[in-house]
Amino acid sequence: MHAVIQYVISIWVPLVCMLVIVGVLPLCTGYIVLMERKVMADMQARLGPMRVGPHGLLQPIADAVKLLLKEDIIPDEADKAIFWFAPLISVTAGMLAISPLAIGPWFQIADLNVGLLFVVGISALGIFGIVLGGWSSNSHYSLLGALRSAAQLVSYETAAGMAVVGALLLAGTLSTREIVAAQGDYGTWFIFAAPVGFFIYVVASIAETNRAPFDLPEAESELVAGYMTEYSGFRWALYFLAEYTNMVVVASIATTLFLGGWLRPFAGTRAFNFLDYFPSALMILVGAYCFYRAPKQPVKVQQLFMMGLGLAFFGVALILAAPLLAPKGSLVASAMPGLHGAFWFLLKVGSYIYLFMWLRFTFPRYRFDQLMRLGWQFLIPLSIVNVMGIGLALVLHRHWGWSHWTAFPLTTILTLLAAGYLGWAGEKKDKEHVFVGEQ
Amino acid sequence: MADERIPFATHAESTVLGADEIVLNMGPQHPSTHGVLRVKLRLDGEKVIGSECVIGYLHRGVEKIAEHRTYQQFAPYVDRMDYVAAVSNGLGYCEAVEKLLGAEAPPRARVIRVILTELQRIASHLFWLGTHALDIGALTPLFYCLREREEILKIFEKYCGARLTTHAFRIGGLQYEAYDELEKDVERFCQPFDKRVDDYESLLTENRIWVGRTKGIGILTAAEAIDYGASGPVIRASGVKWDIRKAMPYAAYDQYKFEIPTGKNGDTYDRYIVRLEEMRQSRLICLQAIENIPTGPIMGKVGKVLKPPPGEVYHAIEAPKGELGYYIVSDGTTQPYRVRIRPPSLINLEAFDKMIRGHLVADVVAIIGTLDIVLGEVDR
Chain R
85 MHAVIQYVIS IWVPLVCMLV IVGVLPLCTG YIVLMERKVM ADMQARLGPM
135 RVGPHGLLQP IADAVKLLLK EDIIPDEADK AIFWFAPLIS VTAGMLAISP
185 LAIGPWFQIA DLNVGLLFVV GISALGIFGI VLGGWSSNSH YSLLGALRSA
235 AQLVSYETAA GMAVVGALLL AGTLSTREIV AAQGDYGTWF IFAAPVGFFI
285 YVVASIAETN RAPFDLPEAE SELVAGYMTE YSGFRWALYF LAEYTNMVVV
335 ASIATTLFLG GWLRPFAGTR AFNFLDYFPS ALMILVGAYC FYRAPKQPVK
385 VQQLFMMGLG LAFFGVALIL AAPLLAPKGS LVASAMPGLH GAFWFLLKVG
435 SYIYLFMWLR FTFPRYRFDQ LMRLGWQFLI PLSIVNVMGI GLALVLHRHW
485 GWSHWTAFPL TTILTLLAAG YLGWAGEKKD KEHVFVGEQ
Chain F
42 MADERIPFAT HAESTVLGAD EIVLNMGPQH PSTHGVLRVK LRLDGEKVIG
92 SECVIGYLHR GVEKIAEHRT YQQFAPYVDR MDYVAAVSNG LGYCEAVEKL
142 LGAEAPPRAR VIRVILTELQ RIASHLFWLG THALDIGALT PLFYCLRERE
192 EILKIFEKYC GARLTTHAFR IGGLQYEAYD ELEKDVERFC QPFDKRVDDY
242 ESLLTENRIW VGRTKGIGIL TAAEAIDYGA SGPVIRASGV KWDIRKAMPY
292 AAYDQYKFEI PTGKNGDTYD RYIVRLEEMR QSRLICLQAI ENIPTGPIMG
342 KVGKVLKPPP GEVYHAIEAP KGELGYYIVS DGTTQPYRVR IRPPSLINLE
392 AFDKMIRGHL VADVVAIIGT LDIVLGEVDR
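Chains R and F, in that order, give the protein sequences. The first sequence begins at 85 in my numbering and counts up one residue at a time. The second sequence begins at 42 in my numbering and counts up one residue at a time.
Structural data, given as structure tokens:
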């Protein structure tokens with residue numbers, strides 16, 4: 085690798101990443117919220133935010149300003165110190181958890197050898213913020229929300245942890261960087277080796293981040309806003325920030341563990357090398373769409389804004405295309421893995437978050453007892469079976485010389501059979517268990 | 042005081058570990074109490090061991106107002122009771138006064154009344170479906186439901202200029218002649234509507250979470266439903282085939298063929314299914330009605346000044362939410378001596394405590410939603 089790049093990566097990139105995570109992540113969170121509102125609008129036959137900036141593109145900034153300027157109300161009866169401090173715990177935990185995650189081979193703050201353990205541990209600390217916030221608010225809604233949140237996290241963290249263990253068995257390391265490298269060595273992403281594990285992680289991570297259909301801690305139709313009920317203004321925004329940061333964290337974990345991290349699809353296959361042009365092509369398409377939409381904006385400023393946005397996308401396309409076009413061995417050409425790695429990583433994270441949104445607007449909400457039953461009676465046993473299945477496949481592969489192509493499908497089928505049995509048994513139990521009130 | 046009246050569960054059966062109960066006050070400002078209902082819940086953890094509904098936050102004294110208005114003047118007030126189904130309210134009142142006068146609306150007026158009332162039933166059920174699904178956490182159906190409801194409101198707007206509190210009917214018939222494209226508009230709405238209901242069903246009916254949240258929740262057996270005086274979809278979901286449109290036909294309902302959908306278990310899921318089927322049946326009634334609208338006058342001979350002979354009358358119609366009854370006493374003057382309204386929402390709400398006991402907090406909103414209450418009507 086080029087010496088200059090080596091120097092930049094080891095010294096400057098972590099510093100810049102740190103600043104970016106603290107400074108830009110809140111903005112990104114705002115845009116994830118905007119994306120969510122737009123996706124929701126699209127699914128519900130309406131337009132979503134359209135007023136602030138063209139297509140509502142400046143809405144997150146307007147929202148942030150509004151929240152900053154709002155009065156910070158602390159209820160008289162609240163435990164003030166804890167009430168004041170609780171949101172900070174959530175946000176700090178969420179942001180800290182990002183540090184060992186590698187956004188492409190270049191952009192990483194710290195390559196810890198216990199990377200994933202650190203992420204899982206720290207992000208679980210965020211629950212303290214929720215529980216303390218709910219408790220200190222001195223309101224029944226907040227208390228119920230906090231209790232639900234704690235119970236939910238304890239139940240689903242177990243399943244998520246076991247799903248992570250499955251993938252770790254395959255990778256044989258906890259370092260995020262090496263996990264992705266291991267997927268490159270295998271020649272396949274772990275989602276294909278352990279699809280059941282991925283499924284468990286998706287469900288458990290939705291529950292962990294308190295998103296619908298598991299958004300009971302803040303179920304607005306039941307608990308008003310759950311643990312956030314008494315919060316307002318910027319302190320409320322911090323909880324919001326924590327929630328979306330957690331989404332990014334779990335999406336990054338899933339990407340790293342199951343979706344091949346920053347690896348391009350078919351990374352090892354020469355025939356698919358044309359996919360290297362996909363990032364630039366996508367950016368050019370988005371930029372062109374901005375130019376196409378520009379004349380339809382009602383105000384001149386908005387037209388210029390759209391054109392500027394289009395130009396920005398073209399610029400990104402150029403940056404992404406430069407390493408491909410530059411002569412081999414040059415400084416620019418050696419920037420390829422870093423830039424394209426970051427692109428693929430962010431694309432996968434974005435898709436995972438989109439999946440979250442899609443589920444949110446499609447499903448009704450679980451009830452608390454149903455949520456617990458799903459966690460303890462289905463997901464946790466299944467995640468244990470999944471770990472055993474992967475272990476079995478690895479034994480077959482390493483000690484008995486089976487090929488990947490027979491060992492993993494076999495254990496996957498066994499795990500699916502177990503899932504079927506668990507589902508059937510749960511259904512049977514549900515039928516016997518008649519929920520009768522005290523009449 | 043209130044606690045003495047409501048038989049809450051006794052302490053021994055309510056707690057296992059001797060932990061104190063929580064009294065949770067839901068409303069009157071709460072996103073899913075459908076207005077200003079206030080529910081006091083006694084909770085053991087998340088389990089509801091007793092409840093008390095506090096109503097009256099939207100009391101406007103509608104019945105008292107009636108005593109100081111002439112019969113015609115009072116008609117717009119009834120629209121403000123169940124503001125989600127104003128047309129039905131108006132129909133009930135107009136027919137009650139007509140009965141008191143011994144007059145009858147001409148056939149053309151009666152058929153147009155049926156069309157608008159059935160459209161209103163669909164609109165009311167759509168609104169119910171959207172908000173009920175929202176309470177249970179499904180965000181999306183609301184917007185589809187409101188999209189269809191909008192079409193109905195547009196028809197109302199074209200007919201009488203108002204969308205919500207329409208005051209569409211007059212005592213003795215109609216004030217406005219039907220506009221030229223009424224049949225076409227109704228048909229344009231009704232023809233694809235069946236498919237739309239299928240769409241809602243595809244989002245909810247077989248969804249595991251939806252079924253889990255609604256099946257077996259808030260069960261009301263047929264006997265209990267009758268004891269509580271429940272009516273409308275609530276009693277039909279319990280398996281009682283009771284529909285005033287069939288039992289005591291009014292307006293022009295005896296001319297049309299339709300089914301009375303009933304449920305079996307009387308739970309939240311059955312009420313959901315019954316209401317969806319009712320929307321389909323209302324659509325069929327509308328389609329039958331627009332095929333043959335009789336010609337002729339739209340206003341019967343009732344005179345400008347209404348002076349019903351002394352006496353009393355009770356007239357009930359099948360409003361979207363149940364039996365909407367008007368009991369009017371006349372003393373021979375231009376103003377009613379007493380008007381008593383039987384709002385279906387209030388009577389159905391009385392079964393709430395029975396339905397909620399032993400369920401969880403999350404089921405409170407499901408049960409409030411499934412009763413389909415409108416607080417304007419509960420409090421009057």
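Ideal Cβ placement from N, Cα and C applies to all residues, glycine included. Computed from a prediction, not measured in an experiment: that's the story for all the values here.
Where residue i sits in the DSSP three-state scheme
i: Y220/F; result: coil
i: Y373/R; result: helix
i: D404/F; result: helix
i: D226/F; result: helix
i: K362/F; result: coil
i: E299/F; result: Correcting the residue type first, residue 299/F is Phe in the shown sequence and not Glu. Three-state result, F299/F: coil.
i: S243/F; result: helix
i: F447/R; result: coil
i: I90/F; result: strand
i: G214/F; result: strand
i: L82/F; result: strand
i: Y311/R; result: helix
i: V77/F; result: coil
Outcome for residue i when other beta-carbon atoms lying within 10 angstroms are tallied against a minimum of 16
i: T309/F; result: buried
i: L227/R; result: buried
i: Y361/R; result: exposed
i: H109/F; result: exposed
i: M426/F; result: In the structure as shown, chain F starts at 42 and stops at 421, and residue 426/F therefore has no counterpart that could be examined.
i: G143/F; result: exposed
i: E418/F; result: buried
i: N294/R; result: buried
i: W320/R; result: buried
i: P233/F; result: exposed
i: V149/R; result: exposed
i: W251/F; result: buried
i: W489/R; result: exposed
i: W219/R; result: buried
Other residues of its chain near residue i: CB distance less than 7 Å, five sequence neighbours each side excluded
i: A288/R; result: Y240, A243, A244, A247 and L463
i: S364/R; result: A401, L404 and A405
i: E391/F; result: Y269
i: F429/R; result: I187, G188, T339, G345 and W346
i: G373/F; result: K348, P350 and P351
i: V475/R; result: A small correction: the amino acid at residue 475/R is Gly; Val does not occupy that position in the sequence shown. These residues qualify, in order along the chain: L253.
i: L480/R; result: W486 and A491
Residue i to residue j span [Cα, whole Å]
i: V103/F; j: R383/F; result: 12 Å
i: V354/F; j: R154/F; result: 21 Å
i: K362/F; j: R286/F; result: 13 Å
i: L180/R; j: F452/R; result: 30 Å
i: Y313/F; j: E62/F; result: 32 Å
i: N248/F; j: V416/R; result: 53 Å
i: I290/R; j: P148/F; result: 59 Å
i: D284/F; j: I301/F; result: 7 Å
i: A194/R; j: P133/R; result: 38 Å
i: P338/F; j: V152/F; result: 12 Å
Chain F residues whose Cβ lies nearer than 7 Å to that of residue i
i: A296/R; result: G178
i: F445/R; result: L180 and T181
Cross-chain neighbours of residue i in chain F, by beta carbon under 8 Å
i: P448/R; result: A174, I177, G178, A179, L245, N248, I250, W251 and R254
Contact set between residue i and chain R, taken where Cβ atoms lie within less than 7 Å
i: F184/F; result: Q128, A129 and R130
i: I63/F; result: H224
i: L401/F; result: R451, F452 and D453
i: R188/F; result: A129
Contacting residues, own chain, Cβ-Cβ under 8 Å from residue i (five flanking each side not counted)
i: M390/R; result: P138, C374, F375, R377, A378 and Q381
i: R211/F; result: Q113, A116, C135 and M340
i: F342/R; result: A251, W273, F274, I275, A278, G281, F282 and Y285
Cut-off 6 Å between Cβ atoms - residues of its own chain near residue i, not counting five sequence neighbours on either side
i: L157/F; result: V128 and A209
i: T207/F; result: A127, V128, F197 and C201
i: F230/F; result: E192
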